[in-house]
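A.B. asks:
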Amino acid sequence: MQRLATAVTLSQEADVYLLDEPTAFLDVEQRLKIAKAIKHVITRDDTSAIIIDHDIVFIDYISDRAMVFYGKSGQCGKATAPINLRDAMNKFLSDVEITFRRDKETNRPRVNKYDSYLDRQQKEKGEYYYLEE
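Residues 0 to 132 (numbering that gives the first Met the number 0) are what the sequence shown spells out, left to right.
1) Do Asp54 and Thr22 have their beta-carbon atoms positioned less than 8 Å apart in this structure?
2) Taking the Cβ atom as the reference point for each residue, do Thr98 and Asp118 lie within a distance shorter than 8 Å?
3) Distance cutoff 8 Å, beta carbons only. Does Lys122 sit that close to anything in chain C?
4) The alpha helix (DSSP H) with Ala34 in it runs from where to where?
5) Just to confirm the assignment: which complete beta strand (DSSP E) runs, minimum length 3, are found wholly within the segment 38-104?
6) Inspect the CB distances between the segment 24-34 and the segment 64-76 and report whether three or more fall short of 8 Å.
7) Only counting the same chain, and skipping five residues up and downstream in sequence, which positions put a Cβ closer than 6 Å to that of Ile50?
8) Closest to Pro81 by CA distance: which of Pro108, Val40, Ser47 is it?
9) Alpha carbon to alpha carbon, what distance is there between Ile37 and Ile61?
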């Protein structure tokens, strides 16, 4: 149902698509296929999409900008303006004190072990997302 709903949405002409968790209930491979389909339509039609999702691999693959939300759920909240993905991810990951690296084989983001050499190195440089080579 999730894949069908996304396909139906993308088959309609729009200036901006709003997709709320299009990867919910999908396995990893299906998530990447949905990401490729969304990216293809957005690029082909020279349009935009606002995508709400919690899957960092999906967000990493599909996004060029992101917003970071702060606050207490159901009580109050603030958001950054849309900023480039790297800056947004660095803001978010620094707040939760987690660093990511790129997997050498898949190029997907992976969480570094807390207080590992790479975790400490990235935190010292203020690069929580991954080190650019």
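Ideal Cβ placement from N, Cα and C applies to all residues, glycine included.
C.D. replies: According to the structure shown:
1) yes
2) yes
3) In the structure shown, chain C does not exist; there is a single protein chain.
4) 27-44
5) 47-51, 68-71, 75-78, 99-101
6) no
7) Leu18
8) Ser47
9) 8 Å
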